[in-house]
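Going down the list, the protein sequences come from chains A, B and C.
Going by UniProt numbering, the first residue of the first sequence is number 1, and it counts up by one from there.
Going by UniProt numbering, the first residue of the second sequence is number 1, and it counts up by one from there.
Going by UniProt numbering, the first residue of the third sequence is number 1, and it counts up by one from there.
The C-beta atom is built at its ideal place from N, Cα and C for all residues, glycine as well.
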Amino acid sequence: MSTADTTTTRAGAQGRKAPAGERVADWADGRLGIYTLAKGGMRKIFPDHWSFMLGEVCLYSFLIIILTGVYLTLFFHPSMNEVVYHGSYVPMQGVRMSEAFKSTLDISFDVRGGLLIRQIHHWAALVFIAGMMVHMMRVFFTGAFRKPREINWLFGFLLLVLGTFTGFTGYSLPDDLLSGTGVRIADGLVMSIPLVGTYISFYLFGGEFPGTDFVSRFYSIHILLLPGIMLGLVVGHLILVFYHKHTQFAGPGRTNKNVVGMPLMPVYMAKAGGFFFLVFGIIAAISAIATINPVWELGPYRPDQVSTNAQPDWYLGMSEGLFRIMPGWEISFAGHTLVLGVFIPLLVFGAVLTIMAVYPFIESWVTGDKREHHILDRPRNAPTRTAFGVAWLTLYGVALMAGGNDLWATHFHLSVNSVTWFVRISFFVGPVLAFIATRRICMGLQRRDKDKVLHGRESGIIKRLPHGEFVEVHEPLTQEQLHTLTAHEQPRPLALEPEVDENGVVRKVKGTQKLRVRLSKSYYGEDRYVPKATAKEYQEITSGHGHH
Amino acid sequence: MKKLSARRRHPLAAVVVLLFALAVTGGLYAAFAPAESAKADDSAQSLAIEEGKKLYAVGCASCHGTGAQGTSDGPSLVGVGAAAVDFQVATGRMPMQQQGAQAPRKKPVYTQAQIDQLAAYISSLGAGPAAPTKDQYSPEGADVAKGGELFRLNCSQCHNFTGKGGALSNGKFAPNLEGVNPKHIYEAMQTGPQNMPSFPDSVLSQKNKKDIVAYLDEVNSSKSESPGGLGLGGFGPVSEGLFAWVFGLGALIAVAIWVAARTAKAKKS
Amino acid sequence: MSSQDIPEETLPSKQGEAHEGAVAVAGDPFADPGLPPHEHRIQDIDERAAKRSERAVAFMFTLSMLATIGFIAAYLAIPVDKNIYVFPIGHVSAMNFTLGLTLGVALFLIGAGAVHWARTLMSDVEHIDERHPIEAPSEVRAKVIADFHQGAAESAMGRRKLIRNSMFGALSLLPLSGVFLLGGLSKAPGTKLRHTAWGKGKRLVNQNTNQPLRPEDIQVGSLTFAMPEGMKEEDHDFQNQIAKAALMLVRLRPENIKDKKELDWSVDGIVAFSKICTHVGCPINLYEQQTHHVLCPCHQSTFDLSDGGRVVFGPAGHALPQLRIKVNDKGYLEAMGDFQEPVGPAFWERG
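Right under this line is the structure:
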């Protein structure tokens, strides 16, 4: 119990020998300075909230992907040499296929546990990117991207984009009919780029599609280049999380200048360490129960064959949807072709992602807020940001839905053409409606918070007063609750400086400044918030006729 | 009572009510929605008439014309052959319940004996593909791997890799081939029912067809193996993505809530 | 009997009662009351409950060990190709199912044990860490800026412009060697995208049977896939060639063909169209024989084969290229030349 206080220091160690563990630590400290590092880190405080663990879901699935991926490289042959299959899966015997496809069949049928590792690898990849999306949304809707965390937001965004491309290159490696079709589509997209598209396509595939090079090229991109960059970004992301200290929700005792929670050693070592095993365990169990990418059913790639249900993994479903709903615009002039029907969705795909990457900078410019923020916003208290986020998600969701329009059609007995038209319209209308509705809902929730603060919580208990009136008893909130509900800021919008200054000189107001003020009003303007309950209002109500 | 009314005001009460309402609505819809396979017209059963022509006059002539020459409601049946009749009637597609984008598979109205009589009558009007013999469509002795290659070349574009079906334009669809009698698959290739193109013996030999039937029997029947576990419908990445989000991420978030939740405090009584 | 009924005097020393960080201002009902006092868990005050937790954690760790042993046993004992029926999943690989579940259980229980341990037995007293501004104090900033200026001045970078400029020149030129090295990735496209394996006099070979096709083989309503004669699956460039040459043949009643050129290029209503979608290159052959439409399974571009392969729906930008065919004197179908326009997706140089 009390040994921690009486352990011998290095200076006092002459008397008796320090425990072996300490001696090892002393040795390492003399060379690495680990004590100085551990001083700040070992009892680092992390706040408890389930949504703060979403990032860990991503981190752990990333580790699982690396572990299983290394195992798979021991058996996978990244080669497009053609061979005839004579392995143990009967419906493929005698079929011509690339070595890449054959080795994937061998991993699935002849390597003990190979199928399990393949499935863990692929399921973990889907969960990894889904986790990144949800994590990013948590950070977005709580405003955790604000100063000083904008760079970490960008790191996370890059991880999402690189994760998507790593996923796509990995999905393409088995050289099966589904992934080959996906690569064919990617080739078509690249070719639509004006001026250089054809060249990029040729230099990517080593000549005409499909050629015999893309599997080995994608392989080095998939297992070396992209994961290497991602590993660096993950490390940087984590260092910054440590360095900035975690954000927290408002609450009693929680301020912008502190962080309240449990120490890393021992609670978070056990919780976060344990969570790794939980994530791995769940993904392993899923891989035992549900099959993913059964390449033996898909068959080897042939450019003249195809199957319906030709979709990419979900994280590219949004871009797939954009290509499905675009009308076929094509302009030919002076011996050249501008393939707008393909090139515009390609640009829109980039734009949809980029707007999220730069959002923190847009918001800080609009609001003019240059302070550090460590207390998270409740989404309702930032209605415009929340509405923008929901509109973005709606756009994403609509496009994702379009990516599976054929399955919506068959499963709900609809016409695929009507589904496509529905999505074409919703692509423009949906986000606008979502924006308006969300902002209204946020205002409603703010109003409810105010009522709660002033009148207490509706208890559901009906009381009959002596004169016969029925009233519902409202329970007053505790001071903790009152503080939590009123802790948020309600900033005022920026105002234009008067066009004529005090000396009567007319000054020019720049257009960007006008835009900024207009946007600022849409964030913080009069009808964008419900004024918080004030102490005066509260006292008037509570001291007057009591609560009813 | 007091407890219930207090809980009614619980912050999560609205969520529970909403979920309950959704479950009830969904359940009611499932219970009352018009079933996919419309009930066979029992009255047709009672009209058991020995001759195909009489059967035809009662069950088919209203759309296909009294001489099977076709009307605005149904195509001519002269020369479609016994295989087409067997396919359409034995899979319940004909007689059609109502005009629509496509006649779906349903419980057959006629017995096999009646179907054979109908087929004999239609064949007498003009020569067409005859119904295949068991030897032609039985999966025994077929080359499954070759069948797979042929399936991916000729069929999977509409019916999916393993014949799970897919969408066509304007509400039409290629049906799921699971549980379809091999004979009917063979006949469909021969005759090209509805919007499906035909694959006559001159372009897809009898052996080819037998191989395809055998491949489907291997990968899309109740005894098909799915080594990796649940097949998730065999629809590829869409169902996989849905599964990863709902069950993968769903389970992980449920666990995260447990990990981060506060441990119950001891309450002093 | 409930372990919750603990008399007050058995409680350990009351921690955190001091309302840490309280800044309550008299009269402000919304003031921060500070961290609430720490409340004890059952395990903190009842050793029996703590023991129960301890046993639960140890039980989970022990089960995990058993699961790992099960994993090893399954790995050694189960044949790799054995299939079993598991309700309601279906006929699954015994190996995958057992290994996955034992591994999953072994991992999950380690995690669950650790988390249960942390939640019930490790201290749950909340701690406060102070934050410090990320940006440096102004004196540190001033020192760094001064150091930088001193360093820059000592390097004479600003003064000796010749060195500076030539260094920038050398550094910016150097990466060009890397760019040129990438040139080895491919040869220039040339006119490869404009030509396919089709040519004058090449017979149309049925891909199912590898036999040359005759007009009478193809019936109205049927769908046939053909490749140029002389092409074999074993060829080293088969994949590249079939990616452009893939062909579909359908027969329409000549009176149903709306496009005059299409009719001219057909043989008795037999028309040959490229099978490669003009959108982004998927093989497009979802042929609806009653409407004469073909649909692409990838992005639902729909083409009307009775109207010159015109696009009727979806994202494709131009019609499907048609191959001009005829019957030769031996009665076989043959091409009258290559496609007259590039097949497949459009590209900048297509024109």
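Check	Outcome
Where the stretch 221-246 of chain B meets chain C: residues whose CB sits under 8 Å from a CB there	223, 224, 225, 226, 227, 228, 229, 230, 231
Limits of the beta strand (DSSP E) - the one that residue 56/A falls within	Per DSSP, residue 56/A belongs to no beta strand (DSSP E); it is in the alpha helix (DSSP H), 54-73.
9 Å Cβ cutoff met for residue 169/B and residue 295/C	yes
Within 8 Å of chain C by C-beta, residues of the stretch 52-80 of chain B in sequence order	none
Residue 190/B classed as buried or exposed, judged by whether at least 16 other C-beta atoms fall within 10 angstroms	buried
Whole-number beta carbon distance between residue 347/C and residue 153/B, since they are thought to touch under 8 Å	Wrong, their Cβ atoms sit about 27 Å apart, outside the cutoff.
When 171/B, 247/B, 156/B, 119/B are compared against residue 405/A, the one with the closest alpha-carbon	171/B
Beta-bridge pairing of residue 254/A - partner residues as DSSP gives them	251/A
Other residues of its chain near residue 155/C: CB distance less than 8 Å, five sequence neighbours each side excluded	none
Interface partners of residue 49/A on chain B, CB under 8 Å	260
9 Å Cβ cutoff, residue 117/C in contact with chain A	yes
Distance between beta carbons of residue 230/B and residue 177/B, contact taken as under 8 Å	Contact flag wrong, Cβ pair sits at about 19 Å.
DSSP-derived helix/strand/coil call for residue 193/A	coil
Residue interval of the alpha helix (DSSP H) (run including residue 159/A)	150-172
N- and C-terminal bounds of the alpha helix (DSSP H) containing residue 72/C	47-77
Residues that residue 295/C contacts on chain B, provided the C-beta gap is smaller than 7 Å	168, 169
Bounding residues of the alpha helix (DSSP H) (the contiguous stretch that carries residue 280/A)	269-289
Chain A contact for residue 276/B (CB, 9 Å cutoff)	Examination of residue 276/B is not possible in this model, given that chain B is present from 1 through 269 alone.
Proximal chain A residues relative to residue 118/B, where beta-carbon distance stays under 9 Å	Simply none; closest approach about 29 Å.
The stretch 92-107 of chain C in contact with the stretch 48-58 of chain C per 3-pair CB rule at 8 Å	no
For residue 77/C, the nearest candidate out of 98/C, 171/C, 121/C (CA to CA)	98/C
Proximity to residue 167/A [Cα-Cα], best of 123/A, 256/A, 113/A	123/A
Min CB distance residue 383/A to chain C below 9 Å	no
One or two residues paired with residue 376/A in a DSSP bridge	249/A
Residue 322/C in three-state terms, based on DSSP	strand
Cβ of residue 56/A within 9 Å of any chain B Cβ	yes
Straight-line Cα distance separating residue 120/A from residue 225/B	20 Å
Beta carbon proximity, residue 287/C to chain B, threshold 9 Å	yes
First through last residue of the beta strand (DSSP E) which encompasses residue 227/C	223-228
Beta-carbon separation (whole angstroms), residue 335/C vs residue 202/C, contact threshold 8 Å	5 Å
Alpha-carbon spacing of residue 41/B relative to residue 94/B, whole angstroms	Low confidence applies to residue 41/B: its pLDDT is 43, below 50, so where it sits in the model is not reliable enough to give any reading.
Enclosing beta strand (DSSP E) for residue 293/C [first to last residue]	293-295
Under 9 Å between C-beta atoms of residue 63/C and residue 109/C	yes
Exposure of residue 195/B, with buried meaning 16 or more beta-carbon neighbours within 10 Å	buried
Short CB-CB distance (under 9 Å) between residue 415/A and chain B	yes
Test: residue 197/C CB closer than 9 Å to a CB of chain A	no
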